[in-house]
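Chains as they are written, first to last, in our numbering: chain A, 95 to 292; chain B, 95 to 292. For every residue, glycine included, the Cβ atom is placed at its ideal position computed from N, Cα and C. To keep things clear, I will list the structure first and then write my remarks on it.
Number of protein chains: 2
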Amino acid sequence: MPKTPDSSRRSEHSRQAILAATRALISEVGYEKVAIEAIAARAGVGKQTIYRWWPSKGAVIFDSILALSEDADGRDLALPDTGDLEADLKRVMRATVAEFADPDFEKPIRALTAEVINDAGLAAQYRDKLARPVDEAKKARLRGGQRAGQLAADADLDLVLEVLYAPLFQRWLQRSGPLTPEYADALVEAALRAFRPG
Amino acid sequence: MPKTPDSSRRSEHSRQAILAATRALISEVGYEKVAIEAIAARAGVGKQTIYRWWPSKGAVIFDSILALSEDADGRDLALPDTGDLEADLKRVMRATVAEFADPDFEKPIRALTAEVINDAGLAAQYRDKLARPVDEAKKARLRGGQRAGQLAADADLDLVLEVLYAPLFQRWLQRSGPLTPEYADALVEAALRAFRPG
């Protein structure tokens, strides 16, 4: 162990502690009640440390969610590819539906979504940093399906993704129906029927 | 003109003034900056009048949007029915897309949606008072399409509505793509392909 403190490592440690504290507090008390003071206390840092790195509460929340996705990126963003588009999409959609049905997972995402709705600047950041890389990975798998003749060659892939994911997004966001494996399957089947090869 | 003041008429007048002031302020300054004080000043009533009728800012916002829909209900909630489901849905979806592309219309709805996301109680109220009556009117038209052989007889109509409307909802909410008449048409065509008869 070095005796000289490594200040950049200490900064990274504080940053991660702040992001983890933010996610924990969102899940425990909900976004509206999360205060910068509480994040600082939980992370063991001063309030000024947070304000030095982030301009607002919304920005800390955004980065706390983005950090989750960066962890995931490190592993693998690509969708499974067994050669069977329908089976692969059902596997992915069942996992996604299960995540959104899990309170610990969904609470921070719900908080971020509410922020994004009211803030056009944050919406642009969200699209560029979070949504677009994930969408590109999904589209790569859809292109494989097009080459295999399992999806119309002229399908608008942005529209395919919307037909596939937006119903789940809306049902989750508005709490308007059950999030079940059967629902995941039904969405995949509807999207593939809508964009079946000529 | 009666010389005796009609207190119930005055109350209704104040209620409508408060709801109109709320909608105007949401459009002008955005939900987060709307204050009960400003609503009261704009409506020409005391703050206590507002607190007597509504428990929270979220509740006033909700009723201000609901009042719009009640006006609409008074006229007609039913979808057009020319006998051609695709043409009728395109007409309705083009109008809906145009509304969501209009800043004056969309701002109060965006504010309400952000409220509904974070408040499960308000979400239930939203479903019962606003979403369900509108969805029932849409389903009545879809059933006509089923009888005419233009939509699969065994189609899950909740799922049909989600495939039709959720992509628009998501694209509008996340500002993730253009809201055009062509987009409206593409959604109708995708939904009808997904739920084509046998």
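(message) If I measure Cβ to Cβ from residue 96/A and keep anything under 6 Å in the same chain, skipping five residues before and after, which residues do I get?
(response) Residue placement at residue 96/A is poorly supported in this model, since its pLDDT is 45, which falls under 50; the coordinates still yield a value, given next. Excluding residues within five positions, none has a Cβ falling inside 6 Å.
(request) Identify the contact partners of residue 152/B in chain A, using a Cβ-Cβ distance below 7 Å as the criterion. (result) The contacting residues do not exist; residue 152/B stays about 11 Å from chain A at best.
(request) Answer with yes or no whether the minimum CB distance from residue 77/A to chain B is below 8 Å. (result) The requested residue 77/A is not part of the displayed model; chain A covers only 95 to 292.
(request) Using three-state DSSP, classify residue 285/A as helix, strand or coil. (result) helix
(message) Taking 8 Å as the threshold (beta carbon to beta carbon), is residue 219/B in contact with chain A?
(response) no
(request) Taking residue 55/A as the reference, give the member of 194/A, 269/A, 119/A with the closest Cα. (result) One cannot answer for residue 55/A here, as it falls past the ends of chain A, which runs 95 to 292.
(message) For residue 210/A and residue 217/A, what's the separation of their Cα atoms in angstroms?
(response) So the two alpha carbons sit approximately 5 Å from each other.
(message) Just to confirm my understanding: we take residue 264/A, look at its own chain, exclude 5 residues before and 5 after, and list those with CB closer than 8 Å. What are they?
(response) Exclusion of the five residues before and after residue 264/A leaves 270 as the residues of its chain whose Cβ lies within less than 8 Å of its Cβ.
(request) State yes or no: is the C-beta of residue 115/A within less than 8 Å of the C-beta of residue 130/A? (result) no
(message) Along the stretch 245 to 258 of chain A, where does the CB come closer than 8 Å to a CB of chain B? Name the residues.
(response) 250, 252, 253, 256, 257
(request) Thinking residue 236/A and residue 251/A are a contact (beta carbons under 8 Å), I'd like their distance in whole angstroms, please. (result) 5 Å
(message) Below 8 Å, how does it come out for the stretch 274 to 287 of chain B and the stretch 180 to 188 of chain B: are there three or more Cβ pairs, yes or no?
(response) yes
(request) Specify, as a first and last residue, the run of the alpha helix (DSSP H) that residue 248/A falls within. (result) Counting along the chain, residue 248/A falls outside any alpha helix (DSSP H), and DSSP gives it neither H nor E.
(message) On the criterion of 16 or more Cβ atoms from any shown chain inside 10 Å, does residue 158/A qualify as buried, or is it exposed?
(response) buried
(request) Enumerate, from N- to C-terminal direction, the unbroken alpha helix (DSSP H) stretches of 4 or more residues contained entirely within the stretch 118 to 193 of chain B. (result) 130 to 137, 141 to 147, 151 to 169
(request) Find out if the Cβ-Cβ distance for the pair residue 208/A, residue 153/B is shorter than 8 Å. (result) no
(request) With DSSP as the reference, label residue 264/B as helix, strand or coil. (result) helix
(message) Please state the DSSP three-state secondary structure of residue 269/A.
(response) coil
(request) Name, going along the chain, the residues of the stretch 194 to 211 of chain A whose beta-carbon falls closer than 8 Å to a beta-carbon of chain B. (result) 204, 205, 207, 208, 210, 211
(request) Would you mind stating whether residue 231/A and residue 179/A have Cβ atoms separated by less than 8 Å? (result) no
(request) Measure from the C-beta of residue 267/A to each C-beta in chain B and report whether the shortest distance is under 8 Å. (result) yes
(request) Determine the chain A residues that contact residue 271/B at a beta-carbon separation under 7 Å, and present them in chain order. (result) Simply 252.
(message) Looking at residue 288/B: is its Cβ nearer than 8 Å to the Cβ of residue 284/A?
(response) The answer is yes: Cβ separation under 8 Å.
(request) Identify the contact partners of residue 287/B in chain A, using a Cβ-Cβ distance below 9 Å as the criterion. (result) 287, 288, 289, 290
(message) I'd like to know whether the C-beta atoms of residue 267/B and residue 224/B end up nearer to each other than 8 Å.
(response) For residue 267/B and residue 224/B, no; Cβs fall outside 8 Å.
(message) Using only CA atoms, which one of 195/B, 246/B, 239/B lies nearest to residue 176/B?
(response) 239/B
(request) Assign residue 297/A to one of three DSSP states: helix, strand, or coil. (result) Residue coverage of chain A in this structure runs from 95 to 292, which leaves residue 297/A outside it and unanswerable.
(message) Is there a Cβ of chain A sitting closer than 8 Å to that of residue 264/B, yes or no?
(response) So yes, residue 264/B belongs to the interface.
(message) I'd like to know whether the C-beta atoms of residue 222/B and residue 255/B end up nearer to each other than 8 Å.
(response) Taking the C-beta atoms as reference points, residue 255/B is found no nearer than 8 Å to residue 222/B.
(message) Between the alpha carbons of residue 242/A and residue 151/B, how many angstroms are there, rounded?
(response) 54 Å
(request) Can you say whether residue 189/B is buried or exposed, counting buried as having 16 or more other CB atoms within 10 angstroms of its CB? (result) With fewer than 16 Cβ atoms within 10 Å of its Cβ, residue 189/B is classed as exposed.
(request) Tell me the start and end of each unbroken alpha helix (DSSP H) in the stretch 194 to 235 of chain B that is at least 4 residues and wholly inside, in chain order. (result) 197 to 212, 214 to 220
(request) Kindly indicate which three-state DSSP category residue 290/B falls into: helix, strand or coil? (result) Secondary structure of residue 290/B (DSSP, three-state): coil.
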